[in-house]
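As they're listed, the protein sequences go chains L, X, R, S, C, G, U, Y, W and D.
Everything in the first sequence is counted per full-length UniProt numbering, starting at 1 for the first residue and increasing by one.
Everything in the second sequence is counted per full-length UniProt numbering, starting at 1 for the first residue and increasing by one.
Everything in the third sequence is counted per full-length UniProt numbering, starting at 1 for the first residue and increasing by one.
Everything in the fourth sequence is counted per full-length UniProt numbering, starting at 1 for the first residue and increasing by one.
Everything in the fifth sequence is counted per full-length UniProt numbering, starting at 1 for the first residue and increasing by one.
Everything in the sixth sequence is counted per full-length UniProt numbering, starting at 1 for the first residue and increasing by one.
Everything in the seventh sequence is counted per full-length UniProt numbering, starting at 1 for the first residue and increasing by one.
Everything in the eighth sequence is counted per full-length UniProt numbering, starting at 1 for the first residue and increasing by one.
Everything in the ninth sequence is counted per full-length UniProt numbering, starting at 1 for the first residue and increasing by one.
Everything in the tenth sequence is counted per full-length UniProt numbering, starting at 1 for the first residue and increasing by one.
Heads up: the structure comes next, in structure tokens.
10 protein chains.
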Amino acid sequence: MLFHVRMNVKLPASMPAEEAARLKQVEKEYSQRLQREGKWRHIWRIAGQYANVSIFDVDSVEELHTLLTSLPLFPYMQIETMPLCRHPSSVREDDR
Amino acid sequence: MLFHVRMNVKLPASMPAEEAARLKQVEKEYSQRLQREGKWRHIWRIAGQYANVSIFDVDSVEELHTLLTSLPLFPYMQIETMPLCRHPSSVREDDR
Amino acid sequence: MLFHVRMNVKLPASMPAEEAARLKQVEKEYSQRLQREGKWRHIWRIAGQYANVSIFDVDSVEELHTLLTSLPLFPYMQIETMPLCRHPSSVREDDR
Amino acid sequence: MLFHVRMNVKLPASMPAEEAARLKQVEKEYSQRLQREGKWRHIWRIAGQYANVSIFDVDSVEELHTLLTSLPLFPYMQIETMPLCRHPSSVREDDR
Amino acid sequence: MLFHVRMNVKLPASMPAEEAARLKQVEKEYSQRLQREGKWRHIWRIAGQYANVSIFDVDSVEELHTLLTSLPLFPYMQIETMPLCRHPSSVREDDR
Amino acid sequence: MLFHVRMNVKLPASMPAEEAARLKQVEKEYSQRLQREGKWRHIWRIAGQYANVSIFDVDSVEELHTLLTSLPLFPYMQIETMPLCRHPSSVREDDR
Amino acid sequence: MLFHVRMNVKLPASMPAEEAARLKQVEKEYSQRLQREGKWRHIWRIAGQYANVSIFDVDSVEELHTLLTSLPLFPYMQIETMPLCRHPSSVREDDR
Amino acid sequence: MLFHVRMNVKLPASMPAEEAARLKQVEKEYSQRLQREGKWRHIWRIAGQYANVSIFDVDSVEELHTLLTSLPLFPYMQIETMPLCRHPSSVREDDR
Amino acid sequence: MLFHVRMNVKLPASMPAEEAARLKQVEKEYSQRLQREGKWRHIWRIAGQYANVSIFDVDSVEELHTLLTSLPLFPYMQIETMPLCRHPSSVREDDR
Amino acid sequence: MLFHVRMNVKLPASMPAEEAARLKQVEKEYSQRLQREGKWRHIWRIAGQYANVSIFDVDSVEELHTLLTSLPLFPYMQIETMPLCRHPSSVREDDR
């Protein structure tokens, strides 16, 4: 079951650079693990912004919520979700 | 080169049902041809709306514009585009 | 799996009163059938508006989309959905 | 008498973790007490957000105001209310 | 129980002048009857607009909804409501 | 001459509780004095918010401005005004 | 007493050209009469738009409302008003 | 050449009162000098807000930019400009 | 003197195709004449939209207004202007 | 390939003046180097704002993203991009 997720990140100006670097590294590992497990289908950077567009494939809304709120950068993110479904014109078997 | 495209469709109430059906059929064929050519990477329906989220892979902004304005339903669409690029955390080789 | 759905209805001024009455009757029957099947958990009228707030309980986003786009009044509605999940403070067993 | 209430929570970054944990615990007890008393009919988490959608059943607007402003997290919330009434298509006797 | 109600009126350009005049007259009588009954506490014109701000005093949200949707001009109105309660600084006994 | 005024209050998180209490007390006295003088006709609390809707009756815009900017909480308020006039359907002699 | 007024004009596409020309001529005469009477202090065109910014000098909100709703183009206008008062830094005696 | 300028001022809560008073005094002198030179044609206070509406008369956009960014309070302002021109209905020779 | 202009075009659905084609041709000739005269410095299409971003170089706001309102498609356009000036970092002598 | 970029700059009030001056100097050098390389085609100041409108000419969205996120002031900017393409009415050979 697919969800379109947009994440905008805003780190506080007062966060030390090392703390920011550490958080981003943990975030990257978390994201890549979910991608390899097939939960986080796609992630793209929005050009010129500290933001991404992602496609999640989850078994339930509960799972979506758990995955998103477990993001290491969650406290510094604004997140918007949108439920997606297969488009009748789609030719890709996996886009559902 | 990737672009995030959101299309909202609004057919005029005065359009005869057959005309609408014909346009949607032509639109579907056009979309599927572009998908098979690899230009229209993904298309998902937004749940509960006559709208879609798509990912286009084009060689230039000119090509993006030509593909979008050639949509049979273009006169009845509101379109918003957003340039995307590879996310440093992405593990998919093709999401670029 | 729960979704919060808001529906705003706007019938065209040119629709004959009987056609409007007929559509609303079909809409009511459709809604009540889904409520009895447990798919449409709640429906409330927003005071002073031709609009409602509903809670749907579906097995998938696909099902949500099918139920909403099958609404007899769908062509005259603006619909917004929002995925919901169980709140950790909730004491109701069925609000999940 | 029913009200739709949306609460968005934003704790200040400077709040110590223990203080946040303590506040959330008190909030939970307060919410569950009101739920058991039938005043707070429903509470759902909005997926991916530190926010909820709730349905309150109160005897008056005064009571609604008192309940909301007594929330332990009230100083950190943005709250929007919307009066609801029974929908003519509703089949649930208690959704009024 | 008080509600703040804002009504914006937009008559269709195609409505004949006599029909508009007749509707406004019925609207006026309806409004004045409710005012005399104490249900419609206040009504003010917003300067330069075909719109008003009103205060309703009702026994329930149901009653508010019934009064508003029975307005002769309801099909041509955009209505927003906001629940009000007594302000702790108020010195007027009747503003509750 | 009537003005509709909406005041949203936002005290800084760093303000000591006693200072906030003192300011609110002064604000209350100021408000009640103006109410007794007939300048501040009505004040209602918006349910669930630290905000009010008020009706001012002033001799000039200058007076309105002076009254509002003299509010003890003015530095912490967002204020919106809207000129009101007698509604042709009003039956209250004093709502002008 | 001064009010800032912004008027956006939108004539229906179906209005015959002669009718539009006639209305604009009557509007111009009405505006110039009020300007000569000192009620309509200033009127400027917003570049590139069928819109204007005006300053009205009236004795009351009632008068402002009467002048605006008597505009020949009023049915085709969207109007926003904003009460103005003398600025403490102003050196012009007449800008009050 | 005329420009409509709206300035909203927001001084930081941490600014000492004397610094604020000093800045406002310098701002006033700067504004009055430009008014006497004819560059700053009008300035009005928006009732109930720490904001003004002004009309500037400049020889070029460059000059407008220089005058605005030289405002002592510029770092604490949000500024919006709008080019104005003579209205065909205007009877004032100087409103151009 | 430079202005940033954004034009969004919306032709009415009822306009015959030949009329639309004729208008676009006249619009093109008008635009190219102004470009050759140096008044319309740049024009770019916004990808996926019937809209453009343009840079005008005019001697006055009056001239800007005259050029824009003389556009053959003006009645079907929504236009927003923004005054521009030379950027201190610019290395192009002509971008002023 | 062209992109329209709008940058709004907001330096934190706590940044020391020398740090701000140093950052702006580095920003200027960076901008001018890109302009000389032809990557940053145009940059204009928006009158009265600490903001600019720019046109970038890049080989890919990736390059656009790299150039923008390498801006010395990037952490203090809000950036919006919009893909542009040649307008069919354009007479300039280089505006593509």
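Built from N, CA and C at the ideal position, the CB exists for glycine as well.
Just so you know, these numbers come straight off a predicted model, no measurement behind them.
What does DSSP give as the partner residue(s) for residue i in the beta ladder?
i	result
G/D57	G/L2
C/V9	C/M77
X/M83	Position check: residue 83 of chain X holds Pro in this sequence, whereas Met was assumed. Answer is X/F3, bridged to X/P83.
U/R45	U/N52 and Y/C85
How would you list, in chain order, the residues of chain G whose beta-carbon sits under 7 Å from the beta-carbon of residue i?
i	result
Y/Q6	It should be pointed out that residue 6 of chain Y corresponds to Arg in this sequence rather than to Gln. The contacting residues do not exist; Y/R6 stays about 15 Å from chain G at best.
U/L64	P83
C/V53	H4 and L84
Any idea what DSSP makes of residue i, helix, strand or coil?
i	result
S/E37	coil
X/A20	helix
S/H65	helix
R/S14	coil
R/V91	coil
D/S31	helix
Under 7 Å Cβ-Cβ, which residues of chain D neighbour residue i?
i	result
W/M82	I46
Would you grab the beta carbon distance between residue i and residue j for me? Rounded to a whole angstrom, and I think it's under 8 Å.
i	j	result
U/I46	Y/L84	6 Å
D/W44	D/S31	Not really, about 12 Å apart at Cβ, beyond 8 Å.
Y/D95	U/H42	6 Å
Y/L67	Y/T81	Not really, about 11 Å apart at Cβ, beyond 8 Å.
W/Y76	W/L11	5 Å
G/K28	C/S54	Actually they are not in contact, since the Cβ atoms of G/K28 and C/S54 sit about 27 Å apart, beyond 8 Å.
S/V91	R/R92	Going by Cβ atoms, the distance from S/V91 to R/R92 rounds to 19 Å, so no, they are not a contact pair.
Can you name the residues of chain X whose CB is closer than 8 Å to the CB of residue i?
i	result
L/V58	Simply none; closest approach about 14 Å.
For a contact meaning CB atoms closer than 8 Å, what does residue i contact in chain Y?
i	result
U/I43	H87, S89, S90 and D95
Whose Cβ in chain C lies nearer than 9 Å to the Cβ of residue i?
i	result
G/R36	V91
I want to verify the contact list: residues of chain U whose CB lies under 8 Å from the CB of residue i, in sequence order.
i	result
G/V9	Simply none; closest approach about 21 Å.
Give me the chain R residues within the contact set of residue i, using Cβ-Cβ distance strictly less than 7 Å, ordered along the chain.
i	result
S/S31	S89
C/L73	Per Cβ cutoff of 7 Å: no residues; C/L73 is ~13 Å from chain R at best.
For a contact defined as C-beta to C-beta under 7 Å, what are the partners of residue i on chain S?
i	result
C/M1	S60 and V61
Please compile the residues from chain C whose C-beta is within a distance smaller than 7 Å of the C-beta of residue i.
i	result
U/P12	A13
Taking C-beta pairs closer than 7 Å, name the residues in chain Y that residue i reaches, listed in chain order.
i	result
D/Q49	I79
Run down chain L in chain order and give the residues with a C-beta less than 8 Å from the C-beta of residue i.
i	result
D/A23	First, the amino acid is wrong: residue 23 of chain D is Leu here, not Ala. Within chain L, no residue comes near D/L23; the closest Cβ sits about 13 Å away, beyond 8 Å.
Kindly list, in the order they appear in chain W, the residues whose Cβ is closer than 8 Å to that of residue i.
i	result
D/K28	P88 and S89
So does residue i have its beta carbon nearer than 8 Å to some heavy atom of the ligand GTP?
i	result
C/E63	Because no ligand of any kind appears in the structure shown, any question about the ligand GTP cannot be addressed here.
Taking 8 Å as the cut-off, does the stretch 2-14 of chain L touch the stretch 71-81 of chain L (at least 3 CB pairs, one atom from each stretch)?
yes
Mind the definition here: the stretch 59-69 of chain W touches the stretch 16-24 of chain D only if three or more C-beta pairs lie below 8 Å; say whether that holds.
no
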